[in-house]
Amino acid sequence: MISPFKFIQGVKNEAFRVSWPTGKETLTGSVMVVLLAVVAAIFFLILDQILKFLLNFALNINF
Numbered sequence: 606m607i608s609p610f611k612f613i614q615g616v617k618n619e620a621f622r623v624s625w626p627t628g629k630e631t632l633t634g635s636v637m638v639v640l641l642a643v644v645a646a647i648f649f650l651i652l653d654q655i656l657k658f659l660l661n662f663a664l665n666i667n668f
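In our numbering, the protein residues as written are 606 to 668.
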């Protein structure tokens, strides 16, 4: 079993090894996520409208 002191020391060493993203990388990633969410929302809006039109068309057919 590992002592709490050695565990905390290991965690500290690993924290220093982490390569944190730069501010520019963080901003770029955030912008990409927002743009992808907007594109997905527009895609599903258009798909929903098409399916709604087709369903209304199919339900209003008189035989």
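Beta carbons are placed, not taken as given, at the ideal position from N, Cα and C, and that holds for glycine. Small disclaimer: the values here were computed from a predicted structure and weren't measured.
Check, Outcome
"Go ahead and pull the three-state DSSP assignment for SER635.", "helix"
"Helix, strand or coil: how does DSSP classify PRO609 here?", "helix"
"Does VAL616 come out as helix, strand or coil in the three-state DSSP assignment?", "helix"
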